[in-house]
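Residue numbers (the working numbering): 82 to 546. So the structure is just underneath, and the comments pick up after that.
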Amino acid sequence: MVKYSTLIVVLGVMTLSIAVFATNADGAGIVWRAINKTGSSLFDIADVGFTSCSNGQVLKYQTSNSTWICSSGYTKVNNLDTAGTASILATNATLSGTQATFKTLTQGTGITLTNGTKTVTIANAGVTTIAGTSNNVTLSASTGSVTANLGSNVVITGGANQTLNKILYTNGFGMNYTRVTTTATTTMGDTGGIQIVSAGTGNRTVFLPTSTTNTGQLFLIMRNDTSPAKGNRVIIDAWSSEKIDGDLMYNLTRNGQAVLLQSTGTAWTSIFDIGEGVGRPGDAHLKGTGANRWYGSAMFINKTGTTTQKANTITATPFPVAAKTTFDQIQIDVVTLKAGSTCRAAIYTDNGNGYPDKLVTGSDVGTIATNAAGRVGNTFSGSITLSSGFYWLTAQCSGGGQVLRAWSNGAIFPTLGISSASGISAPTVGWNATFTYAAFPANFPGAGATLTTHGPAMVLVRPVG
């Protein structure tokens with residue numbers, strides 16, 4: 082009886098244990114409370130169909146099928162549709178060991194890359210470029226200096242004006258000013274530049290911009306007539322009631338005159354004027370075909386005589402031109418006729434040391450017939466314009482014995498000085514050079530002899546503008 086009772090108790094306990102086991106077991110028959118952690122792994126979890134992951138991967142739970150898989154981590158950072166900040170992890174091997182630091186991308190006014198207190202911002206409206214190792218830009222937070230070591234040109238663009246508020250030191254500097262040539266009235270813009278204006282057919286006005294927004298700006302304005310003119314002006318007119326050197330207007334009255342103007346912020350002031358002032362020989366030439374005035378080497382008195390022109394000889398006398406002037410004709414004065422003889426006249430530049438140098442192009446207009454007494458000459462094929470400077474009027478004839486009108490020695494400035502042996506009665510007023518009669522050479526013959534014993538032949542030119 083006792084044996085059966087004991088057996089019944091044992092069978093009851095076994096039945097209860099089986100029921101408890103079934104209640105706490107999963108589909109694989111594993112009882113969670115019964116697992117020993119020692120020697121177990123995550124891959125012992127149900128529904129994991131692999132036994133290992135690759136280095137650096139992580140386990141990722143999929144809600145779609147309630148399973149776990151190996152994942153490689155982030156594959157992208159979602160775009161920001163509105164202003165905000167996205168942060169991602171990045172390794173920083175420069176620290177002790179390999180550590181993770183935050184890099185921040187901020188959308189809105191710009192994109193900012195931040196590493197601690199160091200930030201680079203790229204604005205929406207532009208592009209910031211930091212060149213590679215061959216072309217580099219150095220920014221110093223401690224000194225505030227900016228060093229640009231570039232392999233090509235540095236170009237600053239954007240906007241009408243670029244301002245440098247500090248002194249710029251450079252080993253070389255080039256300036257590209259806008260140059261405008263016009264024959265009409267014109268208005269200068271705010272960007273500065275060079276204005277070349279012709280007043281050949283009438284007065285012309287150049288209107289300046291306001292000085293208040295152009296402090297320090299430079300304008301170079303030059304008169305360069307494209308056709309002969311007399312009495313015309315280039316008028317520079319300041320903005321509204323602003324003034325130029327204290328006056329509302331500034332006049333360029335002579336061809337070749339130029340002025341450099343600078344804005345003070347309230348007015349304009351002239352830095353220099355090329356060709357300014359009247360009173361130098363040549364400034365007051367009476368110009369024009371109607372006036373029909375002729376000028377030569379005489380500077381003091383209009384005293385003339387005669388000279389017998391030597392054969393195979395070029396005579397040269399000084400001719401200073403104080404302001405840019407245009408001439409249309411050249412002539413000599415025949416006193417005594419010589420049958421079959423002709424002469425020539427031309428203009429030469431100076432070599433910088435008181436000697437004729439280069440033939441002025443177009444000034445030798447061929448032979449001048451001397452079969453009639455009086456003024457004879459030729460018209461230049463095109464008007465000749467001489468800039469201010471020193472020139473020489475020259476003459477030659479085909480045979481000796483031709484008598485021409487000549488300047489008295491006392492009428493010509495002793496350009497070449499007075500020799501200590503010559504005395505005051507024999508000033509040096511020009512040159513004689515040996516040359517076989519023909520068209521004038523491009524270069525004046527060398528080894529010429531100074532003129533001291535007689536007055537040189539009178540050569541005249543007519544100014545028309």
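The beta-carbon is built from N, C-alpha and C at its ideal position, and this holds for glycine as well.
C-beta atoms of residue i and residue j nearer than 9 Å
i: Asp409; j: Thr370; result: yes
i: Thr475; j: Ile428; result: yes
i: Asn66; j: Ser279; result: This structure cannot speak to residue 66, because the chain is shown only from 82 to 546.
i: Leu485; j: Thr387; result: yes
i: Phe300; j: Trp320; result: no
i: Tyr472; j: Pro399; result: yes
i: Gln483; j: Cys424; result: yes
i: Thr396; j: Thr515; result: no
i: Val443; j: Gly463; result: Just to set this straight, residue 443 is Gly in the shown sequence, not Val. In contact: Gly443 and Gly463 (Cβ atoms closer than 9 Å).
i: Asp438; j: Asn524; result: yes
i: Thr74; j: Thr347; result: Summary: the structure shown does not reach residue 74, with the chain confined to residues 82 through 546, and so no result is reported for it.
i: Phe353; j: Ile411; result: no
i: Thr430; j: Gly455; result: no
i: Asn513; j: Lys391; result: yes
i: Tyr436; j: Gly529; result: yes
i: Val139; j: Ser152; result: yes
i: Trp349; j: Lys368; result: no
i: Thr417; j: Met539; result: no
Unbroken beta strand (DSSP E) run spanning residue i, endpoints
i: Val63; result: The structure shown does not extend to residue 63, since the chain is modelled only from 82 to 546, so the question has no answer here.
i: Phe300; result: Leu299 to Arg304
i: Met330; result: Met330 to Leu333
i: Pro437; result: Pro437 to Leu440
i: Asn459; result: Gly455 to Leu467
i: Asp414; result: Thr406 to Thr417
i: Thr318; result: Before going on, a small fix: residue 318 reads as Asp here, not Thr. From DSSP, the beta strand (DSSP E) with Asp318 extends over Val315 to Asp318.
i: Trp488; result: Gln483 to Trp488
i: Trp149; result: Thr148 to Ser152
i: Leu541; result: Leu541 to Pro544
i: Ala397; result: Thr394 to Val402
i: Phe288; result: Arg285 to Phe288
Nearest residue (CA-CA) to residue i, options the options
i: Met404; options: Ile325, Ile355 and Pro495; result: Strictly speaking, residue 404 in this sequence is Ala, with Met absent from that position. When only C-alpha atoms are compared, the closest one is Ile355.
i: Met303; options: Ser292, Ser322, Thr267 and Thr293; result: Thr267
i: Ser344; options: Thr307, Ile150, Thr385 and Gly327; result: Gly327
i: Val23; options: Phe461, Ile499 and Gln483; result: Since the displayed the chain opens at 82 and closes at 546, residue 23 lies outside it and no answer follows.
i: Thr334; options: Gly281, Ala514, Ile411 and Asn136; result: Gly281
i: Tyr376; options: Val261, Ala514 and Trp488; result: Trp488
i: Gly447; options: Arg456, Val457, Ala392 and Ala426; result: Ala426
i: Thr407; options: Ile465, Ser378, Gly346 and Ser322; result: Ile465
i: Val402; options: Leu467, Thr531 and Gly283; result: Leu467
i: Thr259; options: Ala453, Arg543, Gln298 and Lys419; result: Gln298
i: Pro290; options: Ser322, Val315 and Thr307; result: Ser322
i: Val340; options: Ser351, Gly346, Thr264 and Gly443; result: Ser351
i: Asn452; options: Asn432, Ser469, Ser479 and Ser462; result: Ser479
i: His366; options: Val545, Tyr142 and Asp445; result: Val545
i: Ile449; options: Gly435, Ser422, Asp431 and Asn434; result: Ser422
i: Ile316; options: Arg543, Val441 and Gly283; result: Gly283
i: Phe521; options: Ile325, Asp445, Thr417 and Tyr331; result: Asp445
Reduced DSSP category for residue i - H, G, I as helix; E, B as strand; rest coil
i: Val446; result: coil
i: Thr347; result: coil
i: Asn513; result: strand
i: Gly360; result: Reliability fails at Gly360, whose pLDDT of 45 lies under 50, so the model's placement of it is uncertain and the value that follows must be treated cautiously. If DSSP states are grouped into helix, strand and coil, Gly360 belongs with coil.
i: Leu170; result: Since pLDDT at Leu170 reaches only 49, below the 50 mark, its modelled position is unreliable, and the value read off the structure follows with that caveat. Correct three-state label for Leu170: strand.
i: Thr209; result: Any reading at Thr209 needs caution, since the residue's pLDDT is 45, under 50, leaving its predicted position unreliable; the model's value is listed next. DSSP places Thr209 in coil when its eight states are reduced to three.
i: Cys424; result: strand
i: Thr475; result: strand
i: Gly274; result: strand
i: Ala265; result: coil
i: Tyr376; result: strand
i: Ile325; result: strand
i: Asp162; result: For Asp162, the pLDDT reaches just 49, beneath the cut-off of 50, and the residue's location in the model is therefore unreliable, leaving the point undetermined.
i: Asn452; result: coil
i: Leu176; result: Reliability fails at Leu176, whose pLDDT of 46 lies under 50, so the model's placement of it is uncertain and the value that follows must be treated cautiously. Looking at Leu176 - three-state DSSP - the assignment turns out to be coil, as it is neither helix nor strand.
i: Asn434; result: coil
i: Ala520; result: coil
For residue i, the residue or residues it bridges with in DSSP
i: Asp354; result: Val340
i: Thr385; result: Trp488
i: Tyr429; result: Leu440 and Trp473
i: Ser531; result: It is worth fixing the name first, because residue 531 is Thr in this sequence and not Ser. Thr531 is bridged to Trp512.
i: Ala538; result: Ala487
beta-carbon residue i near the ligand GTP non-hydrogen atom, thresh 8 Å
i: Val457; result: Inclusion of the ligand GTP in the displayed structure is not the case, the ligand content being empty and no account of it being possible.
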